[in-house]
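Scroll down for the structure; my scribbles are underneath it.
Protein chains: 2
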Amino acid sequence: MNISTLKKVFVGRPLPTAQARHERLSKRTALAVFASDALSSVAYATEEILLILVTAGTAALAFTIPIGIAISFLIVVVASSYRQTILAYPQGGGAYIVTKDNLGTLPSLVAGGALLVDYVLTVAVSVAAGVAALTSAFPALFGHRVLLGVLFIVIIATANLRGIRESGALFALPTYLFIGSFFAMLAYGYVRWLFGWETPPPATTMHAMHNVTLFLLLRAFSQGCTALTGVEAVSDGVPAFKPSEARNARIVLSALALILVTLFMGITFLARHYHVTPMEEETVVSQLARQIFGGGLLYYEIQAVTMLILVLAANTSFADFPRLSYFLARDGFIPRQFGTRGDRLVFSNGILILGGTAAVLIIVFGGDTHALIPLYALGVFVSFTLSQSSMVRRWLVRRDEGWWWRAWLNGLGAATTGLVLLVIAVTKFADGAWVVVMLIPVLVMAFMVIHRHYDDVARQLSLDGYGGPPPIEHTVLVLVGDLHRGVTAALRYAHTLSPSARAVYVELDPDKTRRLEDKWGKWGLGIPLVVLSSPYRSLLTPFLEYVNHLLALGPNQVVTIVIPEFVPARWWQHLLHNQTALLIKGALLFRKRVVVVDVPFHLED
Amino acid sequence: MNISTLKKVFVGRPLPTAQARHERLSKRTALAVFASDALSSVAYATEEILLILVTAGTAALAFTIPIGIAISFLIVVVASSYRQTILAYPQGGGAYIVTKDNLGTLPSLVAGGALLVDYVLTVAVSVAAGVAALTSAFPALFGHRVLLGVLFIVIIATANLRGIRESGALFALPTYLFIGSFFAMLAYGYVRWLFGWETPPPATTMHAMHNVTLFLLLRAFSQGCTALTGVEAVSDGVPAFKPSEARNARIVLSALALILVTLFMGITFLARHYHVTPMEEETVVSQLARQIFGGGLLYYEIQAVTMLILVLAANTSFADFPRLSYFLARDGFIPRQFGTRGDRLVFSNGILILGGTAAVLIIVFGGDTHALIPLYALGVFVSFTLSQSSMVRRWLVRRDEGWWWRAWLNGLGAATTGLVLLVIAVTKFADGAWVVVMLIPVLVMAFMVIHRHYDDVARQLSLDGYGGPPPIEHTVLVLVGDLHRGVTAALRYAHTLSPSARAVYVELDPDKTRRLEDKWGKWGLGIPLVVLSSPYRSLLTPFLEYVNHLLALGPNQVVTIVIPEFVPARWWQHLLHNQTALLIKGALLFRKRVVVVDVPFHLED
């Protein structure tokens with residue numbers, strides 16, 4: 002089975018260009034498609050807040066509720082702000098495009114770099130959290146977290162290389178199952194609480210390692226801000242909505258924010274009520290579900306839908322990352338290869354890079370969600386801030402109807418997310434956020450270096466004002482080491498290229514030269530033979546000197562070197578022959594005005 | 002600093018062919034040159050015998066003396082036998098050549114393969130033993146045995162790549178120092194013994210792990226037979242002697258045998274007298290020297306000359322292995338590359354393979370002499386047996402003067418060494434000799450496969466009865482993806498190759514095609530443009546189909562594909578461009594009647 006067959010089995014047959022289709026989404030399916038990323042954070046956001054607070058002892062857990070409320074407020078502000086973006090960019094208002102449009106290239110590259118980093122982290126965090134949902138239900142799998150995570154990524158990446166679309170059927174079922182199941186669980190949990198059907202277990206008193214400081218509270222808040230990632234997805238995908246696109250998108254965004262706040266706060270309140278504290282081998286959501294349903298089928302259902310929505314969340318990055326890469330490649334900031342669709346009409350290079358990088362993160366961080374979280378959310382808040390600032394500038398410049406309150410609303414969004422960005426960068430810096438803080442400027446610099454290179458190339462290749470290629474004075478040489486059938490074939494070939502072709506022989510042993518000259522009369526096809534002496538027995542040096550001599554004859558001299566090469570029937574037989582052709586090619590690689598031509602002569606066995 | 006500069010520093014400048022010189026050796030220098038390999042075994046042979054016997058308890062050590070005598074007898078028989086070879090082969094009588102001459106190809110390949118294996122082991126064993134001599138004197142170095150061993154090999158190999166010769170000055174001093182020092186040590190030891198200046202320390206009673214069986218004694222004998230390796234060296238090198246070559250060589254061989262027996266038996270007797278038993282971290286010779294000289298300068302001198310002679314012994318393999326490789330390569334049994342001299346007039350490939358393999362052995366066996374010994378000596382006894390048997394056949398066929406007693410003498414040699422070979426193979430089989438027993442037939446098979454390949458190639462390339470190369474109907478294609486300066490340069494080049502050259506463009510997007518066609522009128526240099534459609538957006542498939550179509554037009558069709566390739570100024574910039582040229586070359590590599598030509602266009606920055 003060769004590579005091409007293997008590719009067909011895993012990735013599928015190539016698709017014709019005509020099959021590219023553009024599905025339009027109803028509000029109901031759109032919610033399913035765009036919600037998974039944002040909603041999935043419900044699976045870990047509460048836990049990450051508790052994890053920080055608990056280091057200051059059990060009493061500090063009381064701060065969970067105010068922090069949750071602050072995050073909910075932030076969600077409402079960001080969603081309101083993005084509702085403006087949808088209105089202004091019905092063709093799709095991703096942070097890179099919006100920023101480029103209003104603030105210029107450099108800020109847009111910062112937004113682009115930050116988003117690329119965050120997309121990779123979305124995959125890594127979501128997959129790690131999905132695996133955690135699975136291993137909470139089946140603790141025996143806990144030791145295989147890394148393997149499971151990498152396996153998930155391989156499956157998602159393969160599906161995307163085949164070209165699954167953000168199609169309703171795939172997304173709707175798990176997303177609505179997740180929303181339904183979680184609402185049911187919360188409702189049942191609150192009923193039990195209100196009717197006093199049970200006494201919650203007593204809070205286990207934890208030893209405080211830290212005092213409750215402002216820094217600690219801000220750190221807990223920062224960790225919880227991961228709940229906001231994915232809120233921007235709707236505004237990126239406005240053109241996918243059924244008409245009227247902007248209106249529908251705004252309704253879906255509001256619905257998404259409402260559901261997100263309800264689920265997040267619901268879980269946070271219940272976790273407090275049931276005195277759930279983070280454990281290494283079981284997630285908070287899993288502990289909560291176990292409490293409420295007392296194990297059993299319903300518990301496993303909650304874990305299953307949690308895992309599914311997290312896998313879907315990871316999957317959305319496999320659409321977002323290649324799309325952003327495409328924009329950056331189209332504008333010449335990352336290698337062009339990211340701008341071309343593959344056999345299956347998907348941006349394969351983006352998918353491979355994203356999957357590969359996320360898999361490396363899973364391996365390096367041991368598949369541990371908590372270890373990855375400090376790197377997360379920083380990138381998306383950079384893009385929030387830049388995107389909202391762009392909107393402020395846009396309103397100020399355009400002065401459309403209602404510009405002043407719209408600018409004020411986006412200004413509030415920009416100020417709030419900017420402040421949060423600062424809080425995140427400072428409080429999580431030492432925990433790992435420094436990596437992202439360093440990485441974004443490095444990426445921006447790389448974008449600019451690449452862009453300059455493409456500009457240089459375009460200028461050097463441009464036909465504007467070009468006088469045409471220089472004329473060519475052509476010399477064809479055949480390098481011969483002997484005279485046999487393969488050489489005669491090469492001589493004939495060289496003769497078709499130029500009637501004045503000549504053969505060149507480097508003399509290592511005068512006896513051999515005599516024997517060669519004897520044969521040349523009969524088999525040399527009338528091509529003149531140049532014999533070069535080699536006092537140091539080097540094949541290469543005298544030959545290169547001869548080529549240099551020819552090139553020095555004039556600035557338009559071009560030398561074509563024909564090398565007769567016999568091709569053995571089996572690969573190992575190559576080892577039994579001097580790789581002279583390879584040597585010559587290596588020595589002349591990228592040499593100006595020199596063209597090297599292999600003429601293969603095929604052996605049968 | 003590039004590779005070529007680096008090579009000059011370590012290996013030196015190339016030497017002109019005219020500098021190849023052939024030194025003739027006096028008897029005195031010849032002894033120094035040829036003795037090191039044989040004499041150096043004195044450093045470990047006694048120890049290896051003791052090492053086996055001691056496992057049967059202290060009493061078993063009494064068998065050391067009879068075993069030593071048996072080995073001495075063997076040395077005399079082999080030396081006498083080889084004196085005949087010198088007479089018959091004054092041009093140099095290595096086992097490979099002598100066997101090929103008298104017994105035919107297959108036996109000579111067995112001898113050749115066995116010797117190659119043994120040369121590698123000579124390097125590994127001698128270097129390991131040399132390092133042991135060093136670490137016996139400086140126990141702190143014991144932990145770095147592997148590193149030291151590899152370092153020694155690198156130094157010896159580098160010296161040989163530079164082309165040190167078996168020159169008198171280099172060899173004479175350490176060899177005669179070794180002989181002199183050891184004779185002095187033995188003399189002083191015997192004097193102390195005879196005059197009763199000291200009581201030897203009491204023998205430490207060792208617990209017997211085995212009974213004294215015939216098998217154990219034969220195993221001890223086999224280990225001691227390593228003393229014989231190198232005895233054949235003189236007969237290989239007869240032409241290096243001053244005239245009359247054969248006579249001088251015979252005298253040197255006899256002297257060598259005499260010295261070897263004296264030193265070997267001297268050490269064996271004294272080791273018994275002083276009750277020396279093998280220790281892991283100190284060699285027997287080192288213990289003996291310490292006993293006799295009581296430490297001090299003389300002790301260190303013994304260790305130094307031991308180390309030096311062992312390094313010289315390893316060095317002789319660096320002459321023998323490449324020489325035998327040259328013979329095998331000349332006859333087409335191993336890759337041709339072993340048959341050519343490099344810049345410095347040495348057979349670099351043989352030196353590199355030998356050094357590399359020996360270094361791997363040192364690493365794999367942890368630099369431990371005792372672990373390597375079981376693999377050693379088997380190969381050389383194969384070559385002894387075959388070489389002496391060849392001589393018997395030679396005398397029987399030629400019937401020169403005195404043929405019957407000469408045949409009898411060589412027959413005794415062949416029978417004795419053959420018997421010993423059997424003993425070695427059986428008694429050391431499980432300890433590691435099985436590797437060599439398996440390896441020799443594998444090598445012989447490889448030699449034969451390689452030989453058949455070279456024969457096949459020669460037949461297929463032969464001009465005998467050849468009608469000349471077929472005529473060529475030539476089509477030149479230029480693969481274009483765009484039209485820019487680089488492409489116009491390639492178009493002009495293609496036009497010099499054939500006035501009927503045509504350009505081929507694979508259409509991925511009809512708009513682009515229109516734009517290209519617009520430019521073509523002005524910049525296409527009048528070359529026709531063929532547009533191929535590609536419903537699956539593949540560049541390769543439509544193009545390959547077109548090439549196949551052209552090839553199918555007739556059996557003499559040859560297609561030359563010109564690929565314009567722009568060459569960025571810096572290596573990393575290659576990553577920013579599609580490697581289309583590489584892709585096409587990969588797809589058409591070794592394709593019959595297809596020639597691929599890159600035309601580079603150089604970018605400035």
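So the protein lines, in turn, are chains A and B. Read in order, the letters of the first sequence are residues 2 to 606 in the working numbering. Read in order, the letters of the second sequence are residues 2 to 606 in the working numbering. Just so it is clear, CB atoms sit at the ideal spot from N, CA and C, and this is done for glycine as well.
Simplified DSSP state of residue i, which is helix, strand or coil
i	result
residue 377 of chain A	coil
residue 475 of chain B	strand
residue 599 of chain A	strand
residue 245 of chain A	coil
residue 565 of chain A	strand
residue 122 of chain A	helix
residue 526 of chain A	coil
residue 558 of chain A	strand
residue 590 of chain A	coil
residue 481 of chain B	strand
residue 143 of chain B	helix
residue 500 of chain B	coil
residue 570 of chain B	coil
Opening and closing residue of the beta strand (DSSP E) in which residue i lies
i	result
residue 508 of chain B	503-508
residue 543 of chain A	Note, residue 543 of chain A: premise wrong, no beta strand (DSSP E); alpha helix (DSSP H) at 541-552.
residue 530 of chain B	530-534
Selection from the options that minimises the alpha carbon distance to residue i
i	options	result
residue 41 of chain A	A/113, A/123 and A/530	A/123
residue 272 of chain A	A/63, A/453, A/211 and A/424	A/63
residue 54 of chain A	A/246, A/398, A/515 and A/221	A/221
residue 286 of chain B	B/208, B/438 and B/190	B/190
residue 192 of chain B	B/549, B/267, B/129 and B/154	B/267
residue 52 of chain A	A/374, A/88 and A/155	A/374
residue 415 of chain A	A/76, A/458, A/605 and A/572	A/76
residue 89 of chain A	A/382, A/471 and A/403	A/403
residue 164 of chain B	B/114, B/246, B/278 and B/320	B/320
residue 480 of chain B	B/565, B/511 and B/496	B/565
residue 282 of chain B	B/152, B/136 and B/595	B/136
Endpoints, alpha helix (DSSP H) assigned at residue i
i	result
residue 41 of chain A	28-41
residue 412 of chain B	404-428
residue 307 of chain A	297-331
residue 147 of chain B	146-163
residue 401 of chain B	Residue 401 of chain B -> no alpha helix (DSSP H), and no H or E assigned at all.
residue 455 of chain A	435-462
residue 358 of chain A	349-365
residue 294 of chain B	285-294
residue 213 of chain A	Looking at the DSSP string, residue 213 of chain A is not in any alpha helix (DSSP H), and its letter there is neither H nor E.
residue 234 of chain A	234-237
Exercise. Note down, in chain order, all residues in the region 333-344 of chain B with a beta-carbon under 7 Å from any beta-carbon belonging to chain A.
Key: 336, 337, 338, 342 and 344
Practice problem: Anything in the region 484-503 of chain B with a Cβ closer than 9 Å to a Cβ of chain A? List those residues in chain order, please. | Solution: 484, 485, 486, 487, 488, 489, 490, 491, 492, 493, 494, 496, 497, 498 and 499
Quiz item: Taking Cβ-Cβ distances below 8 Å as the criterion, which residues of the region 540-551 of chain B are in contact with chain A?
Solution: none
Quiz item: Enumerated in chain order, which unbroken segments of the alpha helix (DSSP H) with a length of 4 residues or greater are wholly contained in the region 39-107 of chain B?
Solution: 46-54, 65-89 and 96-104
Exercise. Output, in sequence order along the chain, the residues in the region 447-470 of chain B whose CB is closer than 8 Å to any CB in chain A.
Key: 451, 454, 455, 457, 458, 461, 462, 463, 464, 467, 469 and 470
Exercise. Please list the residues of the region 429-444 of chain A that have a C-beta atom closer than 8 Å to any C-beta atom in chain B, keeping them in chain order.
Key: none
Quiz prompt | Near-chain A residues of the region 567-588 of chain B - C-beta to any C-beta below 8 Å | solution = 567, 568, 569, 574, 576, 577, 578 and 579
Quiz item: Of the residues that make up the region 266-284 of chain B, which ones have a beta carbon closer than 8 Å to any beta carbon in chain A?
Solution: none
Quiz item: Looking at chain A, which residues of the region 348-366 of chain B have a Cβ within less than 8 Å of any of its Cβ atoms?
Solution: none
Quiz item: Using Cβ-Cβ distances below 9 Å, what residues of the region 512-544 of chain B are close to chain A?
Solution: 520, 523, 524, 526, 535, 536, 537, 538, 539 and 542
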